[in-house]
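Count along the sequence shown from 1, add 6, and you get the number used in my numbering. Note that CB positions come from ideal geometry on N, CA and C, so glycine has one too. First the structure, in the form of structure tokens, and then the observations on it.
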Amino acid sequence: MLRAKQAAKEAAAKRAREGSASASSVQDSADLTHSKSGSVTEPDSEPPANEVRTPATALPVTRSLAPSRTAHPVIGGCRSVYCFERLNHIEEGSYGVVFRAKDKETGEIVALKKLKMDKEKNGFPITSLREIRTLMEARHPNVVQVKEIVVGDTLLQIYIVMEFVEHDLKTLLSTMRTPFLQSEIKTLMLQLLSAVSLLHSNWIVHRDLKTSNLLMNNRGMMKLADFGLARMFGDPLSNMTSLVVTLWYRAPELLLGAKEYNTAIDMWSVGCIFGELMLKEPMFTGKNEADQVVKIFKLLGQPTEESWPGYSKLPDARLASSIAQPYSALRSKFKYCTDSCLDLLKRLLTYDPAQRISADEALNHPWFSEPPAPAHPDSFGSFPSIAAGERRRDPSPTAPERLADQKMAYQLELNL
Numbered sequence: 007m008l009r010a011k012q013a014a015k016e017a018a019a020k021r022a023r024e025g026s027a028s029a030s031s032v033q034d035s036a037d038l039t040h041s042k043s044g045s046v047t048e049p050d051s052e053p054p055a056n057e058v059r060t061p062a063t064a065l066p067v068t069r070s071l072a073p074s075r076t077a078h079p080v081i082g083g084c085r086s087v088y089c090f091e092r093l094n095h096i097e098e099g100s101y102g103v104v105f106r107a108k109d110k111e112t113g114e115i116v117a118l119k120k121l122k123m124d125k126e127k128n129g130f131p132i133t134s135l136r137e138i139r140t141l142m143e144a145r146h147p148n149v150v151q152v153k154e155i156v157v158g159d160t161l162l163q164i165y166i167v168m169e170f171v172e173h174d175l176k177t178l179l180s181t182m183r184t185p186f187l188q189s190e191i192k193t194l195m196l197q198l199l200s201a202v203s204l205l206h207s208n209w210i211v212h213r214d215l216k217t218s219n220l221l222m223n224n225r226g227m228m229k230l231a232d233f234g235l236a237r238m239f240g241d242p243l244s245n246m247t248s249l250v251v252t253l254w255y256r257a258p259e260l261l262l263g264a265k266e267y268n269t270a271i272d273m274w275s276v277g278c279i280f281g282e283l284m285l286k287e288p289m290f291t292g293k294n295e296a297d298q299v300v301k302i303f304k305l306l307g308q309p310t311e312e313s314w315p316g317y318s319k320l321p322d323a324r325l326a327s328s329i330a331q332p333y334s335a336l337r338s339k340f341k342y343c344t345d346s347c348l349d350l351l352k353r354l355l356t357y358d359p360a361q362r363i364s365a366d367e368a369l370n371h372p373w374f375s376e377p378p379a380p381a382h383p384d385s386f387g388s389f390p391s392i393a394a395g396e397r398r399r400d401p402s403p404t405a406p407e408r409l410a411d412q413k414m415a416y417q418l419e420l421n422l
């Protein structure tokens, strides 16, 4: 009996000891969890030699996103902009600022375009994404070559590194004493049409063709640039904004509010550039959309439902309702053009987009086969490079920026 009582006491004592150990273990676990959260700090004194301590868990290290100014950053494999020495400012457009720069490693002279990130409030600007994608896809001798993308101190400083081309056509035309020769114009037009044909065959519409976006080096090679407004298009056509293309080069369907359009808008711009190469000045220099329509209709004549089916149903067709110009005055403006040359110009500046000549058709136009033959690019004379800082460049007309601004200007014009 005494033995049974003694055994019961020992069992109770053992259970008490195990319960105490379990509580101590739970407390130690809680202390460890608390320590990991950073709420409790460890004492400065060293623990006793016979005490086993759990090693502290290291807190995550927060690193700056700013790349090194001397090394290649680890952001998507892009180099730092500080790998380049900025030489001079070239120009500033609606979607970026362009500098001439030198690669510190190779000594190569490049064009460095800093993208304007303030154009998009909620992330990367869609225009910049389109430009980078289009330039990466459009590999062609007459399209400016993208070499790489580099970054600045933050992810909001993105630069496109492109080949440096000495001139743009707008500045050349404004500084040349005499216009280009017919043979030289043929060479330039063939290069332009070849680049545009590549874009259109890949379902890309540029939407901002103008002489300031056409670059030319001292070897007579033309390079199409600035793809900030470029966009993929499909069939069936989807609605797109009509506020694209710099005003002086904007197709009449855009001026009259069409929401569905295609590559034909680029071909109208090509026609405006063609005329500018021959005149040494822009063809249509409207102050606003209404004035631009007036200038076009006064030179080419007012369209009719017969020449442009559906014209009268366009949203802003009333802009030209009071213009009485039944015939074209194109021949009187281009007195020295051959009939074949004038025919190509007329087909590029056809009102009806469905009848406007395509880039491929224009490349095969008879004008390119008649004398004089297109000049070899190497025969072009060299010019002072304004882009290299040799002379101040003239400001170029800007591309459309914001829909609200354009609509406000349009409403003000209607109220005058």
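What residue range does the alpha helix (DSSP H) around residue i cover?
i    : result
A201 : 188 to 207
G102 : Per DSSP, G102 belongs to no alpha helix (DSSP H); it is in the beta strand (DSSP E), 102 to 109.
E295 : 295 to 306
F280 : 270 to 285
R353 : 345 to 354
L178 : 175 to 181
R337 : 336 to 339
E259 : 258 to 261
D366 : 365 to 369
Considering only the alpha carbon of each residue, which of the options lies closest to residue i?
i    : options                : result
H212 : T269, Y88, K286        : T269
F374 : N294, I279, C347       : C347
T217 : V116, E282, A264       : E282
I302 : I191, T356, A379, Q151 : T356
E97  : T252, K120, E169       : K120
M284 : K293, W209, L175       : L175
L118 : V167, G158, F90        : V167
E376 : A236, K192, A107, F280 : K192
N223 : V171, E287, R183       : V171
P372 : A381, D345, L306, G387 : D345
G83  : I155, D232, Y333       : I155
V276 : I138, A107, N219, T184 : N219
K286 : V150, T184, E169       : T184
DSSP puts residue i in a beta bridge; with which residues?
i    : result
M168 : A117, V152
V211 : R237
V157 : S86, I164
To the nearest angstrom, how far is it from the Cα of residue i to the Cα of residue j?
i    : j    : result
D358 : E312 : 10 Å
V300 : S86  : 49 Å
K110 : Y317 : 56 Å
G102 : L262 : 29 Å
K319 : A330 : 19 Å
L351 : L215 : 16 Å
L354 : L161 : 43 Å
E259 : F340 : 24 Å
L204 : R256 : 21 Å
P383 : M227 : 6 Å
M195 : Q298 : 24 Å
I363 : M273 : 7 Å
Q163 : V157 : 6 Å
F105 : C89  : 14 Å
I115 : P315 : 51 Å
L179 : F290 : 16 Å
Q197 : P309 : 31 Å
L336 : M182 : 24 Å
A379 : P321 : 44 Å
L221 : H95  : 16 Å
G234 : R145 : 17 Å
A296 : R225 : 40 Å
T140 : A236 : 7 Å
D349 : E91  : 48 Å
V152 : Y165 : 11 Å
Y342 : F280 : 14 Å
C278 : A107 : 32 Å
Q361 : A264 : 16 Å
H206 : Y333 : 32 Å
T252 : D159 : 33 Å
W254 : K304 : 15 Å
M142 : K122 : 19 Å
I271 : H173 : 25 Å
F386 : G292 : 32 Å
R399 : T177 : Residue placement at R399 is poorly supported in this model, since its pLDDT is 46, which falls under 50; the coordinates are not used for a value here.
V150 : E169 : 7 Å
S338 : G307 : 13 Å
Which stretch, first to last residue, makes up the beta strand (DSSP E) that contains residue i?
i    : result
K229 : 228 to 230
L93  : 90 to 98
L221 : 220 to 222
What is the C-beta distance between residue i and residue j, in whole angstroms, given that I count them as a contact (C-beta under 8 Å)?
i    : j    : result
F239 : W209 : 6 Å
N148 : L230 : 6 Å
S200 : L369 : 7 Å
V202 : A365 : 4 Å
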